[in-house]
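At position 32 of the sequence shown (counting the first as 1) the number is 93 in this note's numbering, and the numbers step up by one without a gap.
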Amino acid sequence: MAVTYRIAAVGDWESVMGFRALGLDTYPVADAAEAREKVRELAKADCAVIYLTEQLAKEMEDVLSRYKDELRPAIILIPGREGSLGIGRDNIQRAIERAVGADIL
């Protein structure tokens, strides 16, 4: 039997509720501590991709480093309601550099 994985969005209410219309599981959180626990809970469950707002991610480096080389879950940083902090782009650039050995962006 095939396993069905979920996709979730974690962040402030305004930033994640739009993802509900796309069929994603949404988890509005109040702060980084709550987000940290939710990401750990989702990682233990059947969640393959977690979208996380950059505003929370900047306070959760320990969690990001814990899962950065894991197959599951992939944690993708997205801009929050305050706009982009550039953290998501920087993470993608570093991953590309590791994969191909050069900065191609």
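Every residue, glycine too, gets a C-beta built ideally from N, C-alpha and C.
Applying the 10 Å Cβ sphere with the 16-neighbour rule, what's the burial state of LEU117? Taking all protein chains in view, the Cβ of LEU117 is crowded by 16 or more other Cβ atoms within 10 Å, so the residue is classified as buried.
Who are the near neighbours of GLU75 in its chain, counting only those whose CB is closer than 7 Å to its CB and skipping five residues on each side? For GLU75, where only same-chain residues beyond five positions count, the Cβ hits under 7 Å are ARG142.
For ALA69, the residue or residues it bridges with in DSSP: Partner(s): ASP86 and ILE111.
Run through DSSP, which three-state label would ALA135 get? Reduced to three states, the DSSP call for ALA135 is strand.
Within 10 angstroms of its Cβ, does TYR112 collect 16 or more other Cβ (buried), or is it exposed? Buried.
Please list, in chain order, all residues of the same chain as GLU120 whose beta carbon is under 6 Å from its beta carbon, the five residues on each side excluded. Closer than 6 Å at the Cβ level, and outside the excluded window around GLU120, lie ALA93.
Close-in-space but distant-in-sequence residues of the same chain around ALA135 (CB under 6 Å, 5 per side omitted): So the list reads VAL110, once near-sequence residues are dropped.
How big is the Cα-Cα spacing for ASP107 and ASP73? Near 22 Å, if we compare the C-alpha coordinates of ASP73 and ASP107.
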